[in-house]
Amino acid sequence: YARRNYALGVVSGTVGRLERSFLHVQLVLAAYVYELTQSNALVGLLTTVTEAGMFGPQLYVSSLIEHRARKLPSFIVMHAARTVAVACMCAGVWVSASHVAAGLLLFFVACVFHRVLHGGSALAFTDIIGKTVDPRRYGGFLAWRAVLGGILALVTGFLVVQPILDRLAFPVSYAVLVGAGVAFTGISGFVFYLAREDPMERVPKRRGLSGVIRGGLADLRADRNYRLLLTLRLLMRANGLTLAFYVPYGVE
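Position in the sequence shown (first residue = 1) + 3 = the numbering used here.
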């Protein structure tokens with residue numbers, strides 16, 4: 004199923020980049036929170052909880068799915084739940100027009116669930132691609148997703164996102180953007196639902212969270228390149244936490 008999964012993964016990733024245009028944490032969502040509250044602290048909280056939600060629970064999710072012979076069912080469940088979470092984010096934005104505190108609380112809670120489920124589904128997705136796509140084609144696989152999605156996202160930003168923000172009143176404009184994000188989240192997941200996956204011939208024994216952590220620490224001690232990669236990723240994420248503050252700065 005290598006060619007099929009390769010093509011579906013590229014299409015899914017391209018649509019996922021469009022989704023990000025409407026749900027970009029540091030730009031769209033941070034701008035919504037700042038315009039609603041004028042609070043730098045809440046903008047920082049949004050970025051922190053979404054980054055932590057994306058990566059923090061992945062060790063626990065790994066302990067739940069790594070021993071399963073097929074990962075696609077886990078991907079389908081988590082991605083469908085993520086779509087529901089994004090819909091709840093949209094509802095929170097809409098409610099904030101009349102009830103700021105209630106709408107903002109619903110938005111934040113749904114945003115955390117959205118990112119947690121996004122991180123979990125990404126684990127399953129990566130496992131499926133790793134088993135079916137030739138490792139020599141990984142670079143091209145990731146590049147096509149980035150290039151096609153980036154071009155569409157750039158065009159969408161100018162032709163769709165900016166006109167919506169200019170022409171619709173706040174917070175209806177952001178509700179429409181997040182609503183579009185719901186649609187693209189669902190589409191990107193549905194495309195990959197069509198992927199194929201053979202069950203693993205050798206299913207590893209189930210490890211609890213402690214076993215996963217011990218295994219990860221052992222890998223870090225044994226592999227210098229792995230330690231450098233982890234350090235790089237942590238520094239990149241730390242840098243990303245600062246980006247949301249460009250929105251308040253630009254507004255002021």
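Glycine residues also receive a C-beta, built at the ideal position from the N, C-alpha and C atoms.
Because the structure is a prediction, the values reported are computed rather than measured.
At the C-beta level, C91 and A113 come within 7 Å of one another. For F58, the enclosing alpha helix (DSSP H) covers residues N43 to F58. The stretch 72-92 makes contact with the stretch 181-198, as at least three CB pairs between them are under 8 Å.
Spanning the alpha carbons of L151 and W97 requires a straight line of approximately 31 Å. Judged by DSSP in its simplified three-state form, M203 adopts coil rather than helix or strand. With contacts defined as CB atoms closer than 7 Å, S77 and A127 qualify as a contacting pair. Leaving aside the five residues that flank G184 on each side, the residues in its chain whose CB is nearer than 6 Å to its CB run, in chain order, E22, F25, L26 and V89.
Under the three-state reduction of DSSP, V136 is assigned to coil, being neither helix nor strand. One thing to note: V46 has its Cβ no nearer than 7 Å to the Cβ of A55.
About 5 Å separates the beta carbon of A198 from that of N8, a gap short enough to meet the 8 Å contact definition. Here the alpha carbon of L108 sits roughly 44 Å from the alpha carbon of R205.
Under the 8 Å Cβ criterion, the stretch 55-75 does not count as touching the stretch 36-43, having fewer than three qualifying pairs. Between L180 and V31, the beta carbon gap of about 6 Å places them in contact (Cβ cut-off 8 Å). Spanning the alpha carbons of R210 and G122 requires a straight line of approximately 19 Å.
Between C93 and V115, the alpha-carbon positions lie close to 13 Å from each other.
Across the structure, S101 and V175 are spaced so that their CA atoms are roughly 11 Å apart.
Exclusion of the five residues before and after Y196 leaves I79 as the residues of its chain whose Cβ lies within less than 6 Å of its Cβ. Contact between R217 and L223 fails: their C-beta atoms lie close to 11 Å from each other, not under 8 Å.
Between F187 and V14, the C-beta spacing is not below 7 Å. With distances taken between CA atoms, F110 lies nearest to L48 out of L48, L238 and V158. Closest in C-alpha terms to P207, from the list I167, I131 and E69, comes E69.
In the DSSP annotation of this structure, the continuous segment of the alpha helix (DSSP H) that includes Y249 starts and ends at Y249 to V254.
Annotation: P174 is outside any alpha helix (DSSP H) and is labelled neither H nor E by DSSP.
Cβ contact annotation for P251 (same chain, cutoff 7 Å, sequence separation greater than five): Y37, N43 and V46, in chain order.
Judged by beta-carbon spacing, K74 lies beyond the 7 Å limit of I132, meaning their Cβ atoms are not closer than that value.
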